[in-house]
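Numbering (the working numbering), first residue to last: -12 to 367.
No residue lacks a Cβ here, since even glycine has one placed at the ideal position from N, Cα and C.
Computed from a prediction, not measured in an experiment: that's the story for all the values here.
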C-alpha cells in the first residue's frame, strides 16, 4: 500500500470549522486512504482532523485585543512550520482570510497546491485582495453563484460548488402570513448575531424594538435566538433584564414556525430566506469608523447577502446601522401592515436561494471535494 494522502486544513471561526468538517467527510468518501491535520475547532476534530491548535475556541473568548493578536501571531508561525515540515498533498484554507492568507502563501512557497474553500468576499470590500487569491491558490471552491464568473474574469481558477448551508437545511414550508396578518398573532424572531461583540452591540436596540412593536401588535409573540446558554446570558446581561423570551432551540425549528424576522446581517439571512420569512436586516457599526474607513473599502451597492443576490433592495437593510431604534421599528411596522408586499417578498426570497442548493444528487461538500482531488491529481 502507498502512503496515505495528507491534507492540511485551516479554519478560525465556527462556521468555517463546521463547513470544513463537512468537506472532510466528503473527502473521506472519495479518497481511500487520507489523513487530515490542521487548525480549527470541535467540528473538525469530531470529523477526524488532527488539530495542532483550536483558534475557533479562542475566537469566542473575551480576552483583550492584544492578547488575541499575540496568540494569532504565534498560531500562524506554528501552522507555517507544520506545513513546511509535513509537506501535505494539499492545503485547504476555509474562509477566515486574515489567517489563511499567511498559510496559503507559505504552502505555495513550499510547492504545495492550495484550494481555497469559501473564498474571501473580495467583490464586496477591499477588492484588491483578489490579487492574493490569484497568487496564492491553485483553485477556489466558491459558494455563491456569481462568484465563479467574478473570479474567473480576474484570472482566478474558481468553481461554483453550491452553498454548504443548504447541505444541512431541512425542507421549508413558507409561513401562513395571511392568517397572522388577519389575527395579529405574529411570530417574530429577533436574531442579534452569534459573536459576543455582535450580541453586545445589537441586543439593547433589539430589545427596545421588541418593546415598541409589542405595543403596536399586542398579540404578537417574540423570540430572541441564542446559539447556547452562554450567548443567552450575554443577551440578558447586555439588556440588563432576565425576563426576555430567549430560545437556545435549534434555529431551524424557530424559523420554521416564525412569520417575520429582524436579523443581524450575515449568512443566517440566507437561512431566514430559505424558510420564506420576510425580514429587516441590520448591522450596527461605529459611526466614525465607518465614515473614516469603512465606506472607502465597500464596493457593492447593497451590503446584505439577500439584496446582493437579488441585485436590488428586496428587503430593507439598515447597513450601516448606528443604533436608531425608531428606524428599525418604522421599517418592520411598514412591512407588517402590507400583506401583499409580505407575500411577494416571501416568494422572491425562496426563489432567490433556490440556486444556492448544489445540483440534485450532490452536496456542496462533495463538489468541493472533487475540486480538491483534481488539484491534487494535477500536482501528482
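Quiz item: Is it a yes or a no for the region 133 to 145 touching the region 216 to 227, going by three-plus beta-carbon pairs under 8 Å?
Solution: no
Quiz item: Which class does residue 302 belong to by DSSP, given the choice of helix, strand or coil?
Solution: As a first step, residue 302 is located in the chain shown; it is residue number 315 there, counting from the start. Residue state, collapsed to three classes: coil.
Quiz item: Which residues mark the beginning and the end of the beta strand (DSSP E) in which residue 104 is found?
Solution: Residue 104 sits at position 117 when you count from the first residue of the chain shown. 102 to 104 is the extent of the beta strand (DSSP E) around residue 104.
Self-check item: In chain order, each beta strand (DSSP E) run of at least 3 residues that lies wholly inside the region 91 to 156
Solution: 102 to 104, 126 to 129 and 145 to 147
Practice problem: Return the chain-ordered list of same chain residues with a C-beta closer than 6 Å to the C-beta of residue 3, the five sequence neighbours on each side being excluded. | Solution: Here residue 3 corresponds to residue number 16 of the chain shown, with the count starting at 1. Counting only Cβ-Cβ distances below 6 Å, and skipping sequence neighbours, we find 81, 82 and 83.
Exercise. Compute the Euclidean distance between the alpha carbons of residue 87 and residue 94, then round it to the nearest angstrom.
Key: To locate residue 87, count along the chain shown from 1; it is residue 100. To locate residue 94, count along the chain shown from 1; it is residue 107. So the two alpha carbons sit approximately 10 Å from each other.
Quiz item: Given that a residue counts as buried once 16 or more other Cβ atoms are within 10 Å of its Cβ, and exposed if not, what is residue 17?
Solution: Residue 17 sits at position 30 when you count from the first residue of the chain shown. With fewer than 16 other Cβ atoms within 10 Å, it is exposed.
Practice problem: Please determine if the region 154 to 164 and the region 321 to 334 are in contact, where contact requires at least 3 C-beta pairs separated by less than 8 Å. | Solution: yes
Practice problem: Label residue 171 either buried or exposed according to how many other C-beta atoms from any shown protein chain fall within 10 Å of its C-beta, with 16 as the threshold for buried. | Solution: One-based indexing of the chain shown puts residue 171 at position 184. So residue 171 counts as exposed.
Quiz prompt | Environment of residue 125 [buried if 16+ CB atoms lie within 10 Å] | solution = Residue mapping note: residue 125 aligns to position 138 of the chain shown, counting from 1. With 16 or more Cβ atoms within 10 Å of its Cβ, residue 125 is classed as buried.
Practice problem: State whether the region 59 to 67 contacts the region 26 to 42, with contact taken as three or more CB pairs (one from each stretch) at a distance under 8 Å. | Solution: yes
Exercise. Hey, could you find the ends of the beta strand (DSSP E) residue 77 is sitting in?
Key: Position 90 of the chain shown, counted from the first residue, corresponds to residue 77. 77 to 80 is the span of the beta strand (DSSP E), which, as asked, contains residue 77.
Quiz prompt | Boundaries of the alpha helix (DSSP H) in which residue 271 is found, first to last residue | solution = Taking the first residue of the chain shown as position 1, residue 271 is located at position 284. Careful: residue 271 lies outside any alpha helix (DSSP H), inside the beta strand (DSSP E) at 266 to 271.
Quiz item: Ordered along the chain, which non-local residues of its own chain (more than five positions away) have a Cβ less than 8 Å from that of residue 71?
Solution: As a first step, residue 71 is located in the chain shown; it is residue number 84 there, counting from the start. Cβ neighbours of residue 71 beyond the five flanking positions: 93 and 97.
Self-check item: Delimiting residues of the alpha helix (DSSP H) encompassing residue 336
Solution: Residue mapping note: residue 336 aligns to position 349 of the chain shown, counting from 1. Note, residue 336: alpha helix (DSSP H), 326 to 340.
Quiz item: Given 8 Å as the limit, is there contact between the region 287 to 307 and the region 103 to 116, that is, 3 or more CB pairs closer than that?
Solution: yes
Quiz item: DSSP puts residue 308 in a beta bridge; with which residues?
Solution: If you number the chain shown from 1, residue 308 lands on position 321. DSSP, once it has assigned bridges, lists 271 as partnering residue 308.
Practice problem: Could you check what DSSP says for residue 282 in three-state terms: helix, strand or coil? | Solution: Counting from one through the chain shown, the residue named residue 282 turns up at place 295. Legend: pLDDT at residue 282 = 47, less than 50; position of this residue unreliable, value from coordinates given subsequently. In the structure shown, residue 282 sits in a helix (DSSP, three-state: H, G or I).
Exercise. Just the C-alpha distance for residue 256 and residue 342, rounded to the nearest angstrom, thanks.
Key: Counting from one through the chain shown, the residue named residue 256 turns up at place 269. Counting from one through the chain shown, the residue named residue 342 turns up at place 355. Cα to Cα, the separation comes out at about 15 Å.
Quiz item: Leaving out five residues before and five after residue 153 in sequence, what residues of the same chain have Cβ atoms less than 6 Å from its Cβ?
Solution: Counting from one through the chain shown, the residue named residue 153 turns up at place 166. Counting only Cβ-Cβ distances below 6 Å, and skipping sequence neighbours, we find 343 and 344.
Quiz prompt | Simplified DSSP state of residue 247, which is helix, strand or coil | solution = On the chain shown, residue 247 is found 260 positions in, with the first residue counted as 1. Three-state result, residue 247: strand.
Quiz prompt | Distance between residue 185 and residue 275 (C-alpha atoms, nearest Å) | solution = Residue mapping note: residue 275 aligns to position 288 of the chain shown, counting from 1. Residue mapping note: residue 185 aligns to position 198 of the chain shown, counting from 1. With a pLDDT of 45 at residue 275, under the threshold of 50, the modelled position of that residue is not reliable, and the figure given next carries that caveat. Their Cα atoms are separated by approximately 18 Å.
Quiz prompt | DSSP-derived helix/strand/coil call for residue 262 | solution = The sequence position of residue 262 within the chain shown is 275, counting from 1. Reduced to three states, the DSSP call for residue 262 is coil.
Practice problem: Can you check the region 193 to 244 for any alpha helix (DSSP H) of at least 4 residues that lies completely inside it and give the ranges in chain order? | Solution: 216 to 226 and 238 to 243
Exercise. Indicate whether residue 340 and residue 248 have their beta-carbon atoms separated by less than 9 Å.
Key: Locating residue 340 in the chain shown gives position 353, counting from the first residue. Locating residue 248 in the chain shown gives position 261, counting from the first residue. No, the pair does not count as a contact, with Cβ atoms beyond the cut-off.
Exercise. Could you name the residues that DSSP lists as bridge partners for residue 185?
Key: Your numbering for residue 185 matches position 198 in the chain shown. Its beta-bridge partners do not exist; DSSP assigns none.
Quiz item: Do you know whose CA, among 297, 30 and 269, lies nearest residue 133's CA?
Solution: Position 146 of the chain shown, counted from the first residue, corresponds to residue 133. The shortest C-alpha separation from residue 133 is found at 297.
Self-check item: For residue 212 and residue 375, the rounded distance between their alpha carbons
Solution: Residue 375 lies beyond the residue range present for the chain, which begins at -12 and ends at 367; the question has no answer from this structure.
Quiz prompt | Through-space distance from residue 35 to residue 156, alpha-carbon basis | solution = In the chain shown, the residue the question calls residue 156 occupies position 169. In the chain shown, the residue the question calls residue 35 occupies position 48. Their Cα atoms are separated by approximately 23 Å.
Practice problem: My understanding is that residue -4 touches residue 79, with C-beta atoms under 8 Å, so please give their C-beta distance in whole angstroms. | Solution: The residue you call residue -4 lines up with position 9 of the chain shown. The residue you call residue 79 lines up with position 92 of the chain shown. Contact flag correct, Cβ pair sits at about 5 Å.
Quiz item: From residue 356 to residue 130, what distance separates their C-alpha atoms?
Solution: Here residue 356 refers to the residue found at position 369 of the chain shown. Here residue 130 refers to the residue found at position 143 of the chain shown. Between residue 356 and residue 130, the C-alpha separation is close to 13 Å.
Quiz item: Alpha carbon to alpha carbon, what distance is there between residue 149 and residue 350?
Solution: Taking the first residue of the chain shown as position 1, residue 350 is located at position 363. Taking the first residue of the chain shown as position 1, residue 149 is located at position 162. Between residue 350 and residue 149, the C-alpha separation is close to 7 Å.
Exercise. Whole angstroms is fine: what's the gap from residue 307's alpha carbon to residue 151's?
Key: Residue numbering aside, residue 307 sits at position 320 when the chain shown is read from its first letter. Residue numbering aside, residue 151 sits at position 164 when the chain shown is read from its first letter. Rounded to the nearest angstrom, the two C-alpha atoms are 27 Å apart.
Quiz item: Is the distance from the Cβ of residue 328 to the Cβ of residue 265 below 9 Å?
Solution: Against the chain shown, residue 328 aligns to sequence position 341. Against the chain shown, residue 265 aligns to sequence position 278. Closer than 9 Å, so yes.
Quiz prompt | C-alpha gap between residue -6 and residue 13, whole angstroms | solution = Looking up residue -6 in the chain shown gives position 7. Looking up residue 13 in the chain shown gives position 26. C-alpha separation (whole angstroms): 13 Å.
Self-check item: Where residue 313 sits in the DSSP three-state scheme
Solution: Taking the first residue of the chain shown as position 1, residue 313 is located at position 326. In this structure, residue 313 counts as helix in the three-state DSSP scheme.
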